[in-house]
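Chains as they are written, first to last, in the working numbering: chain G, 950 to 1191; chain V, 950 to 1191. We treat Cβ as the ideally placed atom computed from N, Cα and C, and that holds for glycine. Working notes for the structure below.
Number of protein chains: 2
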Amino acid sequence: MTEFNNFFKSAFSVDNVIFGFDEGDLKVLLINRGADPFKGMWALPGDLVYPNEDLDAAAGRVLEELTGLRDVYLEQVNAFGAVNRHPLGRVITVAYYSLIKISNYVVTPASFAQQAKWHSLSSVEALAFDHNEILNACYQRLKQRVRTRPVGFELLPPKFTLTQLQHLYEAILETGLDKRNFRKKILSMNLLVDLDETQEGVAHRPAKLYQFAQERYEKLVREGFSFELKESKRKPTPLLPV
Amino acid sequence: MTEFNNFFKSAFSVDNVIFGFDEGDLKVLLINRGADPFKGMWALPGDLVYPNEDLDAAAGRVLEELTGLRDVYLEQVNAFGAVNRHPLGRVITVAYYSLIKISNYVVTPASFAQQAKWHSLSSVEALAFDHNEILNACYQRLKQRVRTRPVGFELLPPKFTLTQLQHLYEAILETGLDKRNFRKKILSMNLLVDLDETQEGVAHRPAKLYQFAQERYEKLVREGFSFELKESKRKPTPLLPV
DNA sequence: CAGACTTTGCGTGTTTTTTACAAGAAGTCC
DNA sequence: GGACTTCTTGTAAAAAACACGCAAAGTCTG
């Protein structure tokens, strides 16, 4: 039984890659570690999973403590379980990513205490633990998801312009998209509601505002429907090393 | 068992969905549980992760103990961590699937002891724990992978006919494929080597044998290349409930 | 060994999707 | 009112996907 007991000296945690979109740039919310190991380095927000807490719930809790937000898009990506990934013991972590509207984010006590800060994906440097690997895996998953499901809207305010939407896709996919073709394709899916409103306070012709047609989408999904986008041929340099 | 419960805090395990292909049918290797909980029910092969063992290594070990095979295609899919998924305590499991050539499989002591048996995916019934859910997640992942990467070959013998290959795709994708279009598409990818050999022992015109061009594929991937297949419009009933 | 049987192997025309590409319209600012 | 910026829109060409049927190769059997 003592031998058996060895199996239970390990712990599990969740780590959450929280994506936001701002200024045409894909961002991720990182915390600054206040204690060893990796004191002073940036890291993904995460926590040990409580004994009576579902995995998904733990990821949601980490997110909510840091951002005050709940009911946002949250998806499990992978477990990371290399023996030495945590210097203090055996900790297997399950990685999640979430998509939030950055404008809804407010600084919570937890995020203040942990010095949470948004980082452009392109400027993320060496993170604590194996968090670069985790971040990369989550980013790759997002990149793939965004082609096959309309999750991008989770990152935009409720009302947005087609240009904003295109910039979002370009940022995530790291590609350039043709404006006319993009609009044609998106509009032909019939998932956007034209709000008959326009932008305000811009020093040029204001663009029309649209809204994502959530219910219509859910109906289409139930009827079996596939959302898909392809990239153009121009490929800028990747945001993260492959 | 009460003693067990006292010590029991939390543990990790891996579960492995081992796919094989035979008689035009996608199969999965299940074991028959010899002990409670779920005694007598079919279950996915799995094990607790040793304290000093990487997650991936644990999945590989489970596979090798059962099949004697190593160096096969193995991919992590997801972690399953609902609080009550294991009746005896908190066990988070990480699901993997592997693709093996069923003809290479031999009964090992472990598989004999655990009464391992191949089951057609379409005839899998209620499994122990949350293993139906795990199986389904792995199958969905395979279905998606097979469209974007040439992993199907892992399930076929080294030499195969185009018809066998097509049947494999049809089984995995649960769809019908047009023979001429399928052959055109596959051959146009230039990933098959025509072996200049033909089938033997069949009571009809023997088909040509092909081989997957592993090195050529790896070269193409390095150069940035995308493998893709789409389904036809005819949709047979799904193998597993969605 | 001829005829029946099964499975292989192959080409073309049609439709759909993707791509490339530019100019005028609507607002703001000075 | 003129300069400036961004918004909006269509068409033609190329590529990919799709539907579709028949002759040839080999085995079997009587």
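When burial is assigned at 16 or more other CB atoms within 10 Å of the CB, is G/F1061 buried or exposed? Within the first sequence, the letter at position 112 stands for residue 1061 of chain G. Under this definition G/F1061 is an exposed residue.
Other residues of its chain near V/T1147: CB distance less than 7 Å, five sequence neighbours each side excluded: Counting from one through the second sequence, the residue named residue 1147 of chain V turns up at place 198. Correct list, in chain order: P1155, A1156, K1157 and L1158.
The stretch 1005-1023 of chain G / the stretch 958-968 of chain G touching (three or more Cβ pairs under 8 Å): As far as the Cβ criterion goes, the stretch 1005-1023 of chain G touches the stretch 958-968 of chain G, which means the pair count is three or higher.
Of the residues V/A1031, V/R1165 and V/F1109, which one's Cα is nearest the Cα of V/D1145? Taking the first residue of the second sequence as 1, we reach residue 1145 of chain V at position 196. Comparing Cα-Cα distances from V/D1145 to each of V/A1031, V/R1165 and V/F1109, the minimum goes to V/F1109.
Determine, using beta carbons only, whether G/C1087 and G/A1044 come nearer to each other than 8 Å. For the purposes of this step, residue 1087 of chain G is taken as residue 138 along the first sequence, with counting starting at 1. For the purposes of this step, residue 1044 of chain G is taken as residue 95 along the first sequence, with counting starting at 1. Contact flag set, yes.
Per DSSP, what are the beta-bridge partners of V/K988 in this structure? Taking the second sequence and counting its residues from 1, one reaches residue 988 of chain V at position 39. Looking at the DSSP assignment, V/K988 forms no beta bridge with any residue, so it has no partner.
Note the first and the last residue of the continuous alpha helix (DSSP H) segment covering V/Q1115. Looking up residue 1115 of chain V in the second sequence gives position 166. First-last of the alpha helix (DSSP H) with V/Q1115: L1111 to L1122.
Where does V/R1129 sit, in a helix, a strand or coil, going by DSSP? The residue you call residue 1129 of chain V lines up with position 180 of the second sequence. Residue state, collapsed to three classes: helix.
Counting Cβ pairs closer than 8 Å, one from the stretch 1028-1037 of chain V and one from the stretch 1046-1053 of chain V, do we hit at least three? The stretch 1028-1037 of chain V is not in contact with the stretch 1046-1053 of chain V.
At the 8 Å Cβ level, is V/D1003 part of the contact set with chain G, yes or no? What you label residue 1003 of chain V is simply residue 54 of the second sequence in a count that begins at 1. It does; some Cβ of chain G falls within 8 Å.
According to DSSP, simplified to helix, strand and coil, what is V/T1016? For the purposes of this step, residue 1016 of chain V is identified with residue 67 of the second sequence, where counting begins at 1. The answer is helix: DSSP assigns V/T1016 an H, G or I state.
Just how far apart, CA to CA, sit V/I980 and V/I1051? Stepping through the second sequence from its first residue, residue 980 of chain V is reached at position 31. Stepping through the second sequence from its first residue, residue 1051 of chain V is reached at position 102. Rounded to the nearest angstrom, the two C-alpha atoms are 16 Å apart.
Determine the chain G residues that contact V/R1129 at a beta-carbon separation under 8 Å, and present them in chain order. Within the second sequence, the letter at position 180 stands for residue 1129 of chain V. Going along chain G, no residue has its Cβ under 8 Å from V/R1129, so there is no contact; the nearest lies around 24 Å.
Contact set between G/I1135 and chain V, taken where Cβ atoms lie within less than 8 Å: As a position in the first sequence, residue 1135 of chain G is number 186, starting the count at 1. Under a criterion of Cβ atoms nearer than 8 Å, no residue of chain V is adjacent to G/I1135; the nearest Cβ is some 21 Å distant.
Under the rule that 16 or more other beta-carbon atoms within 10 Å means buried, what is G/D1143, buried or exposed? As a first step, residue 1143 of chain G must be located in the first sequence, where it is residue number 194. Looking at its Cβ environment, which holds fewer than 16 other Cβ atoms inside 10 Å, G/D1143 is exposed.
Length of the line joining the Cα atoms of V/E1002 and V/L1012: As a working mapping, residue 1002 of chain V is identified with position 53 in the second sequence. As a working mapping, residue 1012 of chain V is identified with position 63 in the second sequence. Looking at the two C-alpha atoms, the distance is approximately 15 Å.
Applying the 10 Å Cβ sphere with the 16-neighbour rule, what's the burial state of V/T1042? Your numbering for residue 1042 of chain V matches position 93 in the second sequence. With a 10 Å radius around the Cβ and a threshold of 16 neighbouring Cβ atoms, V/T1042 comes out buried.
Are V/S1137 and G/P1000 closer than 8 Å when you measure CB to CB? As a position in the second sequence, residue 1137 of chain V is number 188, starting the count at 1. As a position in the first sequence, residue 1000 of chain G is number 51, starting the count at 1. No; because the gap between Cβ atoms is not below 8 Å, this pair is not in contact.
Since G/E1024 sits in a beta bridge, which residues does DSSP pair it with? One-based indexing of the first sequence puts residue 1024 of chain G at position 75. Note: G/E1024 sits in a beta bridge opposite G/Y1046.
Taking 7 Å as the cut-off, is the CB of G/E1172 close to at least one heavy atom of the ligand NAP? No copy of the ligand NAP occurs in the structure displayed, which carries no ligand at all.
Under the three-state reduction of DSSP, which class applies to V/Y999: helix, strand or coil? The residue you call residue 999 of chain V lines up with position 50 of the second sequence. Of the three classes helix, strand and coil, the one that applies to V/Y999 here is coil, per DSSP.
Going by DSSP, which residues form a beta bridge with V/K1066? As a first step, residue 1066 of chain V is located in the second sequence; it is residue number 117 there, counting from the start. Per DSSP, V/L979.
Interface residues of the stretch 1030-1042 of chain G facing chain V [CB-CB below 7 Å]: G1030, A1031, V1032, R1039 and I1041
Proximal residues, the stretch 1014-1031 of chain G versus chain V, C-beta separation under 8 Å: Q1025, N1027, A1028, F1029, G1030 and A1031
Residue nearest to G/Q1063 in terms of C-alpha spacing, selected from G/L975, G/A984 and G/A1162: Along the first sequence, read from residue 1 onward, the residue named residue 1063 of chain G stands at position 114. Residue G/A984 is the option with its Cα nearest to G/Q1063.
Report the CB separation of G/L1076 from G/M990 in whole angstroms; it is logged as a contact under 8 Å. The residue given as residue 1076 of chain G occupies position 127 in the first sequence. The residue given as residue 990 of chain G occupies position 41 in the first sequence. Indeed they touch by this definition, with Cβ atoms about 7 Å apart.
Just confirm the distance between the C-beta atoms of G/Y1166 and G/P1107, as a whole number of angstroms; I'd bet it's less than 8 Å. What you label residue 1166 of chain G is simply residue 217 of the first sequence in a count that begins at 1. What you label residue 1107 of chain G is simply residue 158 of the first sequence in a count that begins at 1. With a Cβ gap of about 15 Å, G/Y1166 and G/P1107 do not count as contacting.
Do the CB positions of G/H1068 and G/A992 come within less than 8 Å of each other? As a first step, residue 1068 of chain G is located in the first sequence; it is residue number 119 there, counting from the start. As a first step, residue 992 of chain G is located in the first sequence; it is residue number 43 there, counting from the start. No.
Within 8 Å of any Cβ in chain G, is that where the Cβ of V/P1000 sits? What you label residue 1000 of chain V is simply residue 51 of the second sequence in a count that begins at 1. Cβ-Cβ to chain G under 8 Å: yes for V/P1000.
Taking only beta-carbon positions, decide if V/S1047 is within less than 8 Å of chain G. Counting from one through the second sequence, the residue named residue 1047 of chain V turns up at place 98. So no, V/S1047 is outside the interface.
Residue range of the beta strand (DSSP E) that V/I1083 falls in? Taking the second sequence and counting its residues from 1, one reaches residue 1083 of chain V at position 134. Careful: V/I1083 lies outside any beta strand (DSSP E), inside the alpha helix (DSSP H) at H1080 to T1097.
If you count every other CB in all the chains shown that lies within 10 Å of the CB of G/M950, and 16 or more means buried, which is it? Position 1 of the first sequence, counted from the start, is the residue given in the question as residue 950 of chain G. Residue placement at G/M950 is flagged as unreliable, the pLDDT there being 42, under the threshold of 50; the coordinate-derived value follows with that caveat. Classification for G/M950: exposed.
C-beta neighbour in chain G for V/F961, strict 8 Å: The sequence position of residue 961 of chain V within the second sequence is 12, counting from 1. Taking Cβ atoms only, chain G reaches closer than 8 Å to V/F961, which makes this a yes.
Measure the C-alpha to C-alpha separation of V/G1233 and V/T1057 and round it to an integer number of angstroms. Limits of chain V in this structure are 950 at one end and 1191 at the other, which puts residue 1233 of chain V out of reach.
Excluding five sequence neighbours on each side, which residues of the same chain lie with their C-beta closer than 7 Å to the C-beta of G/L1104? Taking the first sequence and counting its residues from 1, the one referred to as residue 1104 of chain G is at position 155. The residues are F968, G969, F970, L1048, K1050 and L1117.
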